Ligand SMILES: C[S@@+](CC[C@H](N)C(=O)[O-])C[C@H]1O[C@@H](n2cnc3c(N)ncnc32)[C@H](O)[C@@H]1O
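Residue numbers (the working numbering): 2 to 249.
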């Protein structure tokens, strides 16, 4: 049902662990919601354990990685949620909207099934600092245009959207695309890249060239001459945002 994550999702939980500081921001954004539908839930990384949760996930490979005792999961897509109107206090969608085939249909479904609010975690690169990996090495992996269109769709489909900034910590536990901004060597590790869809979808020739340049710049000290100060920063705003749309 989700060809991409059935292909790349094996071993996802090994590097895509819950980052507690993202979890805390999401928990706060969910507010007083007692019931939550987590759409594009994957292995359940950011599901609250103190509320009633239903996970929606199209990939059987991802569902199979849910820990024992995790919330129940339905194999379905955001674009067609098999649930009645207003059946959950909140709808949650973490790092998933860029995969939906019909984004606006999915957003309308979130709005239909949620009573109080919708909480979305995603990256909006233009609202943060430039990221050296896409600026200098792999420009075709820059999700700026796609994600800006997603933000426009969110603001078009959902009213009163509040944006909460999140500075990505240098030791981010969730190995998402920009997680290794201060640990550039990690991008040379195929196991790390395997669980990041930007790499899985990249054109192989260009990827190989960009990574070869990164490897050479790390070996020669060029990367550290240009970006070494990043290694001493605790966190960096690379455009990660929690978007909260109040419905009631
Ligand atoms: C990067 S993973 C994020 C998983 C989880 N939310 C997390 O933060 O760990 C993206 C997830 O979106 C799911 N997905 C892809 N297309 C989808 C769709 N149309 N509707 C709902 N989920 C979808 C994928 O199968 C995958 O599990």
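The C-beta atom is built at its ideal place from N, Cα and C for all residues, glycine as well. Keep in mind the model is a prediction, meaning the values are calculated, not measured.
Can we count residue i as close to ligand 1, meaning its CB is less than 6 angstroms from some heavy atom?
i: residue 97; result: yes
i: residue 100; result: yes
i: residue 1; result: Only positions 2 to 249 of the chain appear in this structure, which leaves residue 1 out of reach.
i: residue 60; result: yes
i: residue 174; result: no
i: residue 180; result: no
i: residue 78; result: yes
i: residue 43; result: yes
i: residue 251; result: The displayed coordinates of the chain run from 2 to 249. Any statement about residue 251 would go beyond what the structure contains.
i: residue 46; result: yes
i: residue 63; result: yes
With DSSP as the reference, label residue i as helix, strand or coil.
i: residue 160; result: coil
i: residue 132; result: coil
i: residue 88; result: coil
i: residue 175; result: strand
i: residue 215; result: helix
i: residue 196; result: coil
i: residue 247; result: strand
i: residue 145; result: helix
i: residue 104; result: helix
i: residue 5; result: helix
i: residue 75; result: strand
i: residue 180; result: coil
i: residue 150; result: helix
i: residue 109; result: helix
i: residue 69; result: coil
i: residue 59; result: coil
i: residue 205; result: helix
i: residue 44; result: coil
i: residue 26; result: helix
i: residue 81; result: helix
i: residue 49; result: coil
i: residue 190; result: coil
i: residue 10; result: coil
By DSSP's criteria, residue i is part of a beta bridge. Which residues make up the other side?
i: residue 241; result: 124, 167
i: residue 37; result: 54, 91
i: residue 236; result: 170
i: residue 118; result: 91, 247
i: residue 17; result: 175
Relative to ligand 2, is the shortest distance from any of its heavy atoms to the C-beta of residue i smaller than 6 angstroms?
i: residue 6; result: As presented, the structure is devoid of ligand 2, carrying ligand 1 as its sole ligands.
Using a Cβ-Cβ cut-off of 7 angstroms, state whether residue i counts as contacting chain B.
i: residue 174; result: In the structure shown, chain B does not exist; there is a single protein chain.
Is it the case that the region 208-227 contacts the region 153-169, given that we only count it when at least three CB pairs across the two stretches are under 8 angstroms? Under the Cβ criterion (8 angstroms, minimum of three pairs), the region 153-169 does not count as touching the region 208-227.
- Is it a yes or a no for the region 113-125 touching the region 87-101, going by three-plus beta-carbon pairs under 8 angstroms? Result yes; three or more Cβ-Cβ pairs closer than 8 angstroms.
Contact between the region 68-81 and the region 15-22: three or more CB pairs below 8 angstroms? Cβ pair count under 8 angstroms is below three, so no.
Measuring CB atoms only, is the region 32-46 touching the region 102-117, in the sense that at least three cross pairs come out at less than 8 angstroms? Touching, per the Cβ criterion.
- Message: I want to know whether the region 123-136 touches the region 173-185 - three or more CB-CB distances under 8 angstroms.
- Response: Yes, the region 123-136 touches the region 173-185.
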